[in-house]
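First up is the structure itself, then whatever we jot down about it.
There are 2 protein chains.
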Amino acid sequence: MDKMQTLSKNQQIIFDLIDKSPEPMKAYSILHNVQKKGIKAPLQVYRALDKLVKIGKIHKIESRNAFIACHNSSCQVSKATAFSICEICEKVTEISSASLSKYLTNFKDKDGMKYSKYNLEFFGLCKKCR
Amino acid sequence: MDKMQTLSKNQQIIFDLIDKSPEPMKAYSILHNVQKKGIKAPLQVYRALDKLVKIGKIHKIESRNAFIACHNSSCQVSKATAFSICEICEKVTEISSASLSKYLTNFKDKDGMKYSKYNLEFFGLCKKCR
DNA sequence: TACATAGTGTTATATTATAACAATTTAAAT
DNA sequence: ATTTAAATTGTTATAATATAACACTATGTA
Ligand SMILES: [Zn+2]
Ligand SMILES: [Zn+2]
Ligand SMILES: [Zn+2]
Ligand SMILES: [Zn+2]
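Chain order of the listed sequences is C and B. Going by the numbering used here, the first residue of the first sequence is number 1, and it counts up by one from there. Going by the numbering used here, the first residue of the second sequence is number 1, and it counts up by one from there.
If you want it as structure tokens, here you go:
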């Protein structure tokens, strides 16, 4: 099912950085970190981010304007994403729950409408911060 | 349960504008619309927006950086929000589903952790756009 | 009154993201 | 192999979103 994607040079550099990061990274922090590798302009970063999001290698944490690598093969190329976010230390974890994704994928609103995509962000305190 | 909140002058002006709008409003569009009422600076808008979000009178649509009035008394002061977003016309509707909110409010992750807050955004095509 | 809390007005600045244009690389199709 | 289309890159400039810092004013409450 997963079509193998060959990343371009910039895409690979930026994906590797995000993938190694223990926390979500912001675009300009990414830029700062890849300037030594020749990526000099915001647009170069944003273009790679757009593509990486599109193919599901990373996700955007909308409430934080930050990006994390996907470690959940079942998240259907960014069509169904769920995260937990600690409001103190800002730790973000991708939630991988079959029952949750089943519930949301099948959810219908009052008019019987089903949706093609969703993003869910939970907030609370992580283990450490409680 | 709902404690009556008296809005300040700026808060009331900005809430009224958002409440009357048929679509989510962006901060600088709000600014533009209230300048004739004496609100001249972005910060005045953002401060009012922060407070209105905090007390649950409006919600922020994170994926769009836009704000809509809450019309759902059951959304527990912005602790549990769900929206449907049309990817063509950008129409946004607040979802009011007891079963959905029950499911998400009670959701526990793998470590048995419950969360104090969530925000869910569904994407698809609205009736008109299909 | 005295005090604390919330709100206001203002200027400046930080952060996040896209427009526009020219060139190059890559992948397919003939 | 040559042509063609699509994707990617590099670059400068600019748009859009959001906060810092400071001085002052209004409001609630002990
Ligand atoms: Zn994922
Ligand atoms: Zn934490
Ligand atoms: Zn609401
Ligand atoms: Zn629509």
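Here a beta-carbon is modelled for each residue, glycine too, at the ideal position from N, C-alpha and C. As the structure is a prediction and not an experimental result, all values here were calculated from the model.
Check: So for residue 69 of chain B, helix, strand or coil by DSSP?; Outcome: strand
Check: If I measure Cβ to Cβ from residue 15 of chain C and keep anything under 8 Å in the same chain, skipping five residues before and after, which residues do I get?; Outcome: 7, 48, 52, 57, 58, 69
Check: Going along the chain, which residues of its own chain have a beta-carbon closer than 6 Å to the beta-carbon of residue 87 of chain C, five neighbours each way excluded?; Outcome: 123
Check: Counting only beta-carbon separations shorter than 8 Å, does residue 56 of chain C have a partner in chain B?; Outcome: no
Check: Is there at least one non-hydrogen atom of ligand 1 closer than 7 Å to the beta-carbon of residue 89 of chain C?; Outcome: no
Check: Can you have a look at residue 128 of chain B and say buried or exposed, based on whether 16 or more other CB atoms are within 10 angstroms of its CB?; Outcome: exposed
Check: Using CA coordinates, which residue listed in C:41, C:45, C:40, C:89 is at the minimum distance from residue 64 of chain C?; Outcome: C:89
Check: Assign residue 23 of chain B to buried or exposed, taking buried as 16 or more other Cβ atoms, counted over all protein chains shown, within 10 Å of its Cβ.; Outcome: exposed
Check: Considering just the uninterrupted stretch of the alpha helix (DSSP H) at residue 98 of chain B, what are its terminal residues?; Outcome: 98 to 105
Check: Identify every residue that forms a DSSP beta bridge with residue 118 of chain C.; Outcome: C:80, B:122
Check: Three-state secondary structure (DSSP) at residue 108 of chain B?; Outcome: strand
Check: Taking buried to mean at least 16 other C-beta atoms within 10 Å of its own C-beta, is residue 119 of chain C buried or exposed?; Outcome: buried
Check: With 8 Å set as the bound, which would you pick, yes or no: does the beta-carbon of residue 28 of chain B sit closer than that to a beta-carbon of chain C?; Outcome: no
Check: Output yes or no for whether 8 Å exceeds the beta carbon distance between residue 37 of chain C and residue 13 of chain C.; Outcome: yes
Check: Where do the ends of the beta strand (DSSP E) carrying residue 61 of chain B lie?; Outcome: 58 to 61
Check: The alpha helix (DSSP H) spanning residue 91 of chain C covers which residue range?; Outcome: Looking at the DSSP string, residue 91 of chain C is not in any alpha helix (DSSP H), and its letter there is neither H nor E.
Check: Please name the residues in the region 111 to 128 of chain C whose beta-carbon is closer than 9 Å to at least one beta-carbon of chain B, in chain order.; Outcome: 111, 113, 114, 115, 116, 117, 118, 119, 120, 121, 122, 123, 124, 125, 126, 127
Check: For residue 103 of chain B, would you say it is in contact with chain C, using Cβ-to-Cβ distances shorter than 8 Å as the test?; Outcome: yes
Check: Alpha carbon to alpha carbon, what distance is there between residue 94 of chain C and residue 74 of chain C?; Outcome: With a pLDDT of 49 at residue 74 of chain C, under the threshold of 50, the modelled position of that residue is not reliable, and no figure is offered here.
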